[in-house]
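So the protein sequences, as listed, match chains A and B. The opening residue of the first sequence carries number 1 in the working numbering; numbering runs sequentially from there. The opening residue of the second sequence carries number 1001 in the working numbering; numbering runs sequentially from there.
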Amino acid sequence: MLFNSLSGATHLLSPEALVVLEQLDAGPLSESTLTMALRDRFEVDDATLSDDVANLLGQLASLDLIEQCPL
Amino acid sequence: MSLVADLGRAELVRRLDGPGLLLRTGPFVSRIQSNISLVADGIGSLYHDYPIEEEGGFADFQVRLRQPTGLRRWWHPQVRFDYDGRQPFAPLPLAQAWPMFEWVMNWCVSNRAHRYLIVHGAVVERNGCAIVLPAPPGSGKSTLCAALVCRGWRLLSDELTLVRRGDGLLVPLARPVSLKNASIDIIRAFAPDAFLGTPVPGTTKGTIAHLKAPPDSVVRFSEPARARHIVFPRYQAGAVTTLTSVSKGQLFMQVADNAFNYFALGQDGFDCLANLVDDCDGHEFIYSQLDEAIALFDRLAGVGP
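This is the structure:
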């Protein structure tokens, strides 16, 4: 569970989303770094993972939980 | 401490029609003013063992239910609810004065008592184990709650689960259990000795009758309880009694959906609900037989085989 204190919204996160937010807690990371972190945690193949990560990041951005920034 | 029963009918009517009756229900005191005999009848029967405060004392809620004077007194007589000088609801036919009293007593708590996280759901307790039953209307929640309290469970509330934000304990608000339509005869047959008020037909919810709260539950209004289970009941004719686990995440979201003031409380509401969910196991519960349901609840509370 996640409470967004800026929006007041409550989110029920998937395990994958939780890993992404934990990774980003310390600061911005590239999509490829996040993909590697998810691959290490969930043991999925790279082909499906890249699409899934892009979708996941899009969903998290649409919920205002993350935003894209230049590295 | 004085009780409603100590007043006698004449004094009860005088207070209601004059300075107000200061009725204690759980942690709240309501100043009730009414010139309607149906309201005096209901309080005199369904609340006769409830504590009252002295005239002129402090009240959390100011509740007026009045029958208008003038032509309306004779032509389609009505009951009007007035809260602190405002009228949040349209008037109802006078014959529905008692159900309206119960509804406005719920409304006062769910709209004003934000020092609690308030969940739309019943709470019962046995053997130190409190079980929360959040559910939408029509799920069979009140029927199940009524059956449980007729078989020795303590009633904390039929409608409003009050979660104390400091320590997560459930605060009792034992008031009459609202039974609707077929549930009225089901509980009459299940517990012939239980006291039910007069059924009122034609309300927006159909026919309504209220089951008196057990005296022991009223006396123990200051004893909070720790929730151990959250059960989402669903009555289904002919169904086998079935209890299915709910994950903590789903449990959180479903309870939040049933809370009146979760969003108003912000981070405090989130923390309070997270603690409640941590304390509890969550279950979906389908039932058709009350005796089987009660046996299962007894096992959840560590009572019986």
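For each residue, glycine too, the CB sits at the ideal point set by N, CA and C.
Worksheet item: Does the Cβ-Cβ distance between B:S1139 and B:A1122 come in under 8 Å?
Response: The residue labelled residue 1139 of chain B in the question sits at position 139 within the second sequence. The residue labelled residue 1122 of chain B in the question sits at position 122 within the second sequence. Their beta carbons are not under 8 Å apart, which means B:S1139 does not touch B:A1122 by this criterion.
Worksheet item: In or out: B:H1120 buried (at least 16 other Cβ within 10 Å) or exposed?
Response: Start at 1 with the first residue of the second sequence, and residue 1120 of chain B comes out as number 120. The residue in question, B:H1120, is buried, as its Cβ has 16 or more Cβ neighbours within 10 Å.
Worksheet item: Which bits of chain B does A:M1 rub up against, with CB to CB less than 7 Å?
Response: Here residue 1 of chain A refers to the residue found at position 1 when the first sequence is read from its first residue. Those are G1249, F1252, A1274, listed as they occur along chain B.
Discussion item. Can you confirm whether the segment 11-25 of chain A touches the segment 1008-1023 of chain B when touching is taken to mean that 3 or more C-beta pairs between the two stretches lie within less than 8 Å?
Written reply: no
Worksheet entry | Coil, strand or helix - B:Y1262 by DSSP | Taking the second sequence and counting its residues from 1, one reaches residue 1262 of chain B at position 262. B:Y1262: helix per DSSP, three-state reduction.
Fill in: Closest by C-alpha distance to B:Q1267, when choosing among B:R1165, B:C1129, B:L1092
Mapped onto the second sequence, residue 1267 of chain B falls at position 267. Nearest option by C-alpha distance: B:R1165.
Item to complete: Look at the Cβ atom of B:S1030, then the Cβ atom of B:L1023, and state whether they are nearer than 8 Å.
Response: On the second sequence, residue 1030 of chain B is found 30 positions in, with the first residue counted as 1. On the second sequence, residue 1023 of chain B is found 23 positions in, with the first residue counted as 1. Yes, the Cβ-Cβ distance between B:S1030 and B:L1023 is below 8 Å.
Practice prompt. Provide the residue span of the beta strand (DSSP E) that contains B:Q1033, from first to last.
Written response: Residue mapping note: residue 1033 of chain B aligns to position 33 of the second sequence, counting from 1. Start and end: 1028-1034.
Worksheet item: Taking 8 Å as the CB-CB limit, is A:S5 close to chain B?
Response: On the first sequence, position 5 is the one that residue 5 of chain A refers to. True, the Cβ-Cβ gap to chain B drops below 8 Å.
Worksheet item: Can you tell me the Cα-Cα spacing of A:V18 and B:I1208, whole angstroms?
Response: For this step, residue 18 of chain A is matched to residue 18 along the first sequence. For this step, residue 1208 of chain B is matched to residue 208 along the second sequence. According to the sequence provided, residue 18 of chain A is Leu. The question's Val does not apply to it. In a straight line, the C-alpha of A:L18 is about 47 Å away from that of B:I1208.
Fill in: A:R39 vs A:L49 beta-carbon contact at 8 Å
Taking the first sequence and counting its residues from 1, one reaches residue 39 of chain A at position 39. Taking the first sequence and counting its residues from 1, one reaches residue 49 of chain A at position 49. Yes, they are a contact pair.
Fill in: Candidates B:S1178, B:L1169, B:A1191, of which the one nearest B:K1205 by Cα
As a working mapping, residue 1205 of chain B is identified with position 205 in the second sequence. With distances taken between Cα atoms, B:K1205 lies closest to B:S1178.
Worksheet item: Who are the neighbours of B:F1190 on chain A, taking C-beta pairs under 9 Å?
Response: One-based indexing of the second sequence puts residue 1190 of chain B at position 190. Within 9 Å Cβ-Cβ: nothing; B:F1190 doesn't reach chain A, min ~38 Å.
Discussion item. Quick check on B:G1020: buried or exposed, where buried means 16 or more other Cβ atoms within 10 Å of its Cβ?
Written reply: Here residue 1020 of chain B is taken as the residue at index 20 of the second sequence, counted from 1. So B:G1020 ends up on the buried side.
Fill in: Per-residue burial, B:R1086 [other beta carbons within 10 Å of its own, 16 or more giving buried]
As a working mapping, residue 1086 of chain B is identified with position 86 in the second sequence. Exposed: under 16 other Cβ atoms inside 10 Å.
Item to complete: Just mark A:V44 as buried or exposed, buried being the case when its beta carbon has 16 or more other beta carbons within 10 Å.
Response: Locating residue 44 of chain A in the first sequence gives position 44, counting from the first residue. Answer is exposed; the Cβ neighbour count stays below 16.
Worksheet item: Would the segment 1196-1204 of chain B and the segment 1224-1244 of chain B be scored as touching if the rule is three or more Cβ pairs under 8 Å?
Response: no
Worksheet item: To the nearest angstrom, how far is it from the Cα of B:F987 to the Cα of A:S5?
Response: Look at the range of chain B in this structure, 1001 to 1305, and you will see that residue 987 of chain B is not part of it.
Discussion item. Does chain B have any CB closer than 8 Å to the CB of A:L12?
Written reply: Locating residue 12 of chain A in the first sequence gives position 12, counting from the first residue. By this cut-off, A:L12 is an interface position.
Worksheet item: Along the chain, where does the beta strand (DSSP E) that runs through B:R1126 open and close?
Response: Translated into positions along the second sequence, residue 1126 of chain B becomes position 126. Where B:R1126 is concerned, the enclosing beta strand (DSSP E) stretches over 1116-1126.
Fill in: Three-state secondary structure (DSSP) of B:L1294
To locate residue 1294 of chain B, count along the second sequence from 1; it is residue 294. In the sequence as displayed, the identity of residue 1294 of chain B is Ile instead of Leu. Three-state result, B:I1294: helix.
Practice prompt. Could you tell me the distance, in whole angstroms, from the CA atom of B:L1046 to the CA atom of B:P1088?
Written response: Taking the second sequence and counting its residues from 1, one reaches residue 1046 of chain B at position 46. Taking the second sequence and counting its residues from 1, one reaches residue 1088 of chain B at position 88. Whole-angstrom Cα-Cα distance: 25 Å.
Discussion item. Taking the beta strand (DSSP E) that B:R1064 belongs to, which residues open and close that run?
Written reply: For the purposes of this step, residue 1064 of chain B is taken as the residue at position 64 of the second sequence. Its beta strand (DSSP E) spans residues 1061-1066.
Fill in: Length of the line joining the Cα atoms of B:R1188 and A:S7
For the purposes of this step, residue 1188 of chain B is identified with residue 188 of the second sequence, where counting begins at 1. For the purposes of this step, residue 7 of chain A is identified with residue 7 of the first sequence, where counting begins at 1. Each residue's Cα considered, the two are about 49 Å apart.
Worksheet item: Do you know whose CA, among A:L71, A:L34, A:S62, lies nearest A:E16's CA?
Response: On the first sequence, position 16 is the one that residue 16 of chain A refers to. Per the Cα distances, A:L34.
Item to complete: State the DSSP-derived secondary structure class of B:E1011, mapped to helix, strand or coil.
Response: Here residue 1011 of chain B corresponds to residue number 11 of the second sequence, with the count starting at 1. Looking at B:E1011 - three-state DSSP - the assignment turns out to be helix.
Discussion item. Does the segment 1044-1064 of chain B come into contact with the segment 1249-1263 of chain B, if we say contact requires no fewer than three beta-carbon pairs (one atom in each stretch) closer than 8 Å?
Written reply: no
Worksheet entry | Start-end ranges of the beta strand (DSSP E) lying completely within the segment 1223-1247 of chain B, minimum 3 residues | 1227-1235, 1242-1246
Discussion item. I believe B:Q1289 touches B:T1241 by the beta-carbon criterion, under 8 Å. Please report the beta-carbon distance rounded to the nearest angstrom.
Written reply: As a first step, residue 1289 of chain B is located in the second sequence; it is residue number 289 there, counting from the start. As a first step, residue 1241 of chain B is located in the second sequence; it is residue number 241 there, counting from the start. So it is a contact: roughly 6 Å between Cβ atoms.
Fill in: Minimum Cβ-Cβ distance from B:A1256 to chain A less than 8 Å
Walking along the second sequence from the start, residue 1256 of chain B turns up at place 256. Yes - at least one Cβ of chain A is within 8 Å of the one on B:A1256.
Worksheet item: Should B:A1174 and B:L1160 be called a contact, given that it needs their Cβ atoms to be closer than 8 Å?
Response: What you label residue 1174 of chain B is simply residue 174 of the second sequence in a count that begins at 1. What you label residue 1160 of chain B is simply residue 160 of the second sequence in a count that begins at 1. Going by C-beta atoms, B:A1174 is not nearer than 8 Å to B:L1160.
Worksheet item: If you draw a straight line from the C-alpha of B:D1216 to the C-alpha of B:C1150, how long is it?
Response: Residue 1216 of chain B sits at position 216 when you count from the first residue of the second sequence. Residue 1150 of chain B sits at position 150 when you count from the first residue of the second sequence. So the two alpha carbons sit approximately 12 Å from each other.
Worksheet entry | Residues of the segment 1022-1051 of chain B whose Cβ lies closer than 9 Å to any Cβ of chain A, in chain order | none
Item to complete: Assign A:F42 to buried or exposed, taking buried as 16 or more other Cβ atoms, counted over all protein chains shown, within 10 Å of its Cβ.
Response: Working through the first sequence from its first residue, we reach residue 42 of chain A at position 42. Exposed is the call here.
Worksheet item: If we count the other Cβ atoms within 10 Å of its Cβ and call it buried at 16 or more, is B:A1113 buried or exposed?
Response: The residue given as residue 1113 of chain B occupies position 113 in the second sequence. So B:A1113 counts as buried.
Discussion item. How far does the alpha helix (DSSP H) with A:L24 in it extend, from its first residue to its last?
Written reply: Position 24 of the first sequence holds residue 24 of chain A. Here the alpha helix (DSSP H) through A:L24 covers 15-24.
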